[in-house]
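Top to bottom, those sequences are chains W and F.
Letter by letter, the first sequence follows residues 1 to 112 of the UniProt record's numbering.
Letter by letter, the second sequence follows residues 1 to 233 of the UniProt record's numbering.
Quick reminder that beta carbons are idealized off the backbone N, C-alpha and C, glycines included.
Please read these numbers as outputs of a predicted model, since none were measured by experiment.
Take a look at the structure below.
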Amino acid sequence: MVKGRQGERIRLYVRGTVLGYKRSKSNQYPNTSLIQIEGVNTKEEVAWYAGKRLAYIYKAKVKTNGSHYRCIWGKVSRPHGNSGVVRAKFTSNLPPKSMGARVRVFIYPSNI
Amino acid sequence: MAAKARNPRKTRNPDLVRGVGKFSRSKMYHKRGLWAIKAKNGGVFPRHDAKPAAETQPEKPPKFYPADDVKKPLVNKRKPKPTKLRASITPGTVLIILAGRFKGKRVVFLKQLSSGLLLVTGPFKINGVPLRRVNQSYVIATSTKVDISGLNVEKFDDKYFAKEVEKKKKKGEGEFFETEKEEKNVLPQGKKDDQKSVDASLIKSIEAVPDLKTYLAARFSLKAGMKPHELVF
């Protein structure tokens with residue numbers, strides 16, 4: 001990211017977990033993923049996060065653009081159910097190995 | 001054409017029902033005063049003969065006739081407006097920048113530019129953020145305000161922030177390897193002076209408030225247990 005300086009660690013994103021793809025019992029739809037955002041437990045709380053950008057960050061062996069880290073961007077689209085889980089769409093579908101992995105939920109585009 | 005006296009003139013013939021007016025044609029003739037116009041003109045309606053058109057050059061036959069019909073794009077008269085400024089953002093508000101090089105920095109809002117971007121300054125001496133443009137969506141407005149009344153920011157607009165156009169240099173044989181990294185982008189002294197003048201009065205009003213200077217120097221970060229949807233900024 002930045003020139004490898006020490007600096008304070010600023011976290012301007014909320015941690016989230018990828019739960020899996022949107023699915024019914026025996027069919028899954030990988031174009032939409034389900035995300036559990038930390039600290040969000042009801043669908044009313046999810047309203048604040050609608051439209052916020054998401055990033056799934058992963059590492060690769062080959063350096064692209066000068067870094068081993070790569071990113072898939074996405075957006076929170078709508079609540080999923082009543083308990084704060086969120087549906088999200090990414091620019092390309094999340095890979096299956098992302099299930100259970102960390103996702104960053106940014107606070108922008110902000111409306112405060 | 002004479003200027004229209006009153007552009008949106010409501011009709012003298014109110015609708016009873018859509019498509020049915022209250023007054024008949026003859027009543028409207030009287031209401032509009034067409035009888036007076038006729039009387040003024042000697043019993044007939046005034047005629048406006050077509051003005052002789054200005055001399056046009058005789059049209060030359062075009063040099064090129066396209067093989068198929070060329071479609072003309074539709075004319076677009078739309079003028080985009082600058083983004084609507086959130087009610088929470090007023091001149092002097094402290095904003096938190098959410099992304100980019102200065103993420104987490106708390107910064108003072110000066111004004112909205114005509115492109116819709118927000119003009120913002122650290123002040124530079126306090127947190128290293130220069131006069132900069134920032135998009136409204138990448139910013140959280142806090143309820144902290146700084147007194148900005150003494151500040152004149154008229155001269156700053158989007159053109160001030162435009163990139164310098166580099167003159168193209170013809171590459172000679174020997175110069176090929178030398179001109180790789182010649183001039184580093186040095187900030188022109190004028191911009192540094194602008195920064196200093198803007199910050200001078202700002203810093204005075206900031207130091208008047210206890211702790212505001214350290215507040216602006218510190219960065220914002222989410223900590224464990226903080227939920228942004230419950231925070232009040």
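Rounded straight-line distance, which links the Cα of residue 162 of chain F to that of residue 103 of chain W: Residue numbering aside, residue 103 of chain W sits at position 103 when the first sequence is read from its first letter. Residue numbering aside, residue 162 of chain F sits at position 162 when the second sequence is read from its first letter. Distance between the alpha carbons of residue 103 of chain W and residue 162 of chain F: 36 angstroms.
For residue 102 of chain F, three-class secondary structure by DSSP: Position 102 of the second sequence, counted from the start, is the residue given in the question as residue 102 of chain F. Coil.
Candidates W:8, W:10, W:29, of which the one nearest residue 95 of chain W by Cα: The sequence position of residue 95 of chain W within the first sequence is 95, counting from 1. The candidate whose alpha carbon is nearest that of residue 95 of chain W is W:29.
Interface flag, residue 227 of chain F vs chain W, CB-CB below 9 angstroms: Looking up residue 227 of chain F in the second sequence gives position 227. Judged by the 9 angstroms Cβ criterion, residue 227 of chain F is in contact with chain W.
Residues sharing a beta bridge with residue 67 of chain W, DSSP: Within the first sequence, numbered from 1, the residue matching residue 67 of chain W stands at position 67. In DSSP, residue 67 of chain W forms a bridge with W:64.
Residue 39 of chain F, buried or exposed, once every other Cβ within 10 Å from all chains shown has been counted against 16: The residue you call residue 39 of chain F lines up with position 39 of the second sequence. Flag for residue 39 of chain F reads exposed.
Members of the stretch 95 to 111 of chain W that neighbour chain F once the beta carbon cut-off is set at 8 angstroms: 106, 107, 108, 109, 110, 111
Three or more C-beta pairs below 8 angstroms linking the stretch 11 to 21 of chain F and the stretch 80 to 88 of chain W: no
Secondary structure of residue 57 of chain F, DSSP reduced to three states: In the second sequence, residue 57 of chain F corresponds to position 57, counting from 1. DSSP places residue 57 of chain F in coil when its eight states are reduced to three.
Neighbourhood of residue 1 of chain F by C-beta distance below 6 angstroms, restricted to the same chain and skipping five residues each side: Translated into the one-based positions of the second sequence, residue 1 of chain F becomes position 1. Confidence at residue 1 of chain F is low in this model, with a pLDDT of 46, below 50, so the placement of that residue should be treated as unreliable; the coordinate-derived value is given next. Hits under 6 angstroms: none found.
Beta-carbon neighbours of residue 145 of chain F, restricted to chain W and to distances below 8 angstroms: The count along the second sequence starts at 1 and reaches residue 145 of chain F at position 145. Residues of chain W passing the Cβ test: none, with the nearest at roughly 15 angstroms.
Beta-carbon proximity list for residue 128 of chain F, same chain, < 7 angstroms, skipping 5 on both sides: Within the second sequence, residue 128 of chain F is the residue found at index 128, counting from 1. Excluding residues within five positions, the ones whose Cβ falls inside 7 angstroms are 122.
Within-9 angstroms CB hit, residue 220 of chain F to chain W: Translated into positions along the second sequence, residue 220 of chain F becomes position 220. So yes, residue 220 of chain F belongs to the interface.
Contact residues within the stretch 98 to 125 of chain F, judged by C-beta distance below 7 angstroms to chain W: 98, 99, 103, 104
Collapsed DSSP secondary structure at residue 124 of chain F in the structure displayed: Position 124 of the second sequence holds residue 124 of chain F. Helix at residue 124 of chain F.
Neighbour flag for residue 217 of chain F against chain W, beta carbons, 9 angstroms: In the second sequence, residue 217 of chain F corresponds to position 217, counting from 1. Judged by the 9 angstroms Cβ criterion, residue 217 of chain F is not in contact with chain W.
Residue 26 of chain F to residue 8 of chain F span [Cα, whole Å]: Counted from its first residue, the second sequence places residue 26 of chain F at position 26. Counted from its first residue, the second sequence places residue 8 of chain F at position 8. Answer to the nearest angstrom: the Cα atoms are 24 angstroms apart.
Beta-carbon proximity list for residue 134 of chain F, same chain, < 7 angstroms, skipping 5 on both sides: Locating residue 134 of chain F in the second sequence gives position 134, counting from the first residue. Same-chain partners within the cutoff: 97, 117, 118, 120.
Whole-angstrom C-beta distance between residue 140 of chain F and residue 110 of chain F, which should lie under 8 angstroms: Within the second sequence, residue 110 of chain F is the residue found at index 110, counting from 1. Within the second sequence, residue 140 of chain F is the residue found at index 140, counting from 1. Between residue 140 of chain F and residue 110 of chain F the Cβ distance is about 17 angstroms, and since that is not below 8 angstroms, they are no contact.
Test: residue 10 of chain W CB closer than 9 angstroms to a CB of chain F: Counted from its first residue, the first sequence places residue 10 of chain W at position 10. Yes, residue 10 of chain W counts as interfacial toward chain F.
Residues that residue 73 of chain W contacts on chain F, provided the C-beta gap is smaller than 8 angstroms: Counting from 1 along the first sequence, the entry for residue 73 of chain W is found at position 73. Here the premise fails: no neighbours, minimum Cβ distance about 12 angstroms.
Cα-Cα separation between residue 107 of chain W and residue 48 of chain W, rounded to whole angstroms: Locating residue 107 of chain W in the first sequence gives position 107, where the first residue counts as 1. Locating residue 48 of chain W in the first sequence gives position 48, where the first residue counts as 1. Spanning the two alpha carbons is a distance of roughly 10 angstroms.
Contact residues within the stretch 130 to 143 of chain F, judged by C-beta distance below 9 angstroms to chain W: 135, 136, 137, 138, 139, 140, 141, 142
Residue range of the unbroken alpha helix (DSSP H) whose run includes residue 25 of chain F: Within the second sequence, the letter at position 25 stands for residue 25 of chain F. Segment 25 to 31, the alpha helix (DSSP H) holding residue 25 of chain F.
Under 9 angstroms between C-beta atoms of residue 34 of chain W and residue 105 of chain W: Within the first sequence, numbered from 1, the residue matching residue 34 of chain W stands at position 34. Within the first sequence, numbered from 1, the residue matching residue 105 of chain W stands at position 105. No, Cβ-Cβ distance for residue 34 of chain W and residue 105 of chain W is not below 9 angstroms.
Min CB distance residue 18 of chain W to chain F below 9 angstroms: Translated into positions along the first sequence, residue 18 of chain W becomes position 18. No, its Cβ sits nowhere closer than 9 angstroms to a Cβ of chain F.
Classification of residue 228 of chain F by the beta-carbon crowding that lies within 10 angstroms, buried from 16 upward: Within the second sequence, residue 228 of chain F is the residue found at index 228, counting from 1. Buried.
CB of residue 51 of chain W within 9 angstroms of CB of residue 75 of chain W, strictly: As a position in the first sequence, residue 51 of chain W is number 51, starting the count at 1. As a position in the first sequence, residue 75 of chain W is number 75, starting the count at 1. Yes, the pair counts as a contact, with Cβ atoms nearer than the cut-off.
Own chain, CB closer than 7 angstroms to residue 102 of chain F, minus 5 neighbours either side, in chain order: Within the second sequence, the letter at position 102 stands for residue 102 of chain F. Within the same chain, residue 102 of chain F has close Cβ partners 129.
Short CB-CB distance (under 9 angstroms) between residue 84 of chain F and chain W: The residue you call residue 84 of chain F lines up with position 84 of the second sequence. For residue 84 of chain F, the closest Cβ of chain W is not nearer than 9 angstroms.
Chain C within 9 angstroms of residue 49 of chain W, Cβ atoms only: Reference to chain C is not applicable here, since the protein chains of this structure are W and F.
Simplified DSSP assignment, three categories, for residue 92 of chain W: The residue labelled residue 92 of chain W in the question sits at position 92 within the first sequence. Residue 92 of chain W falls in the coil class under three-state DSSP.
Burial state of residue 16 of chain W, where buried means 16 or more other Cβ atoms lie within 10 Å: Here residue 16 of chain W refers to the residue found at position 16 of the first sequence. The Cβ neighbour count for residue 16 of chain W, taken over all protein chains shown within 10 Å, is at least 16; the residue is labelled buried.
Any C-beta of chain F under 9 angstroms from that of residue 29 of chain W: Position 29 of the first sequence, counted from the start, is the residue given in the question as residue 29 of chain W. Output row for residue 29 of chain W: interface = no.
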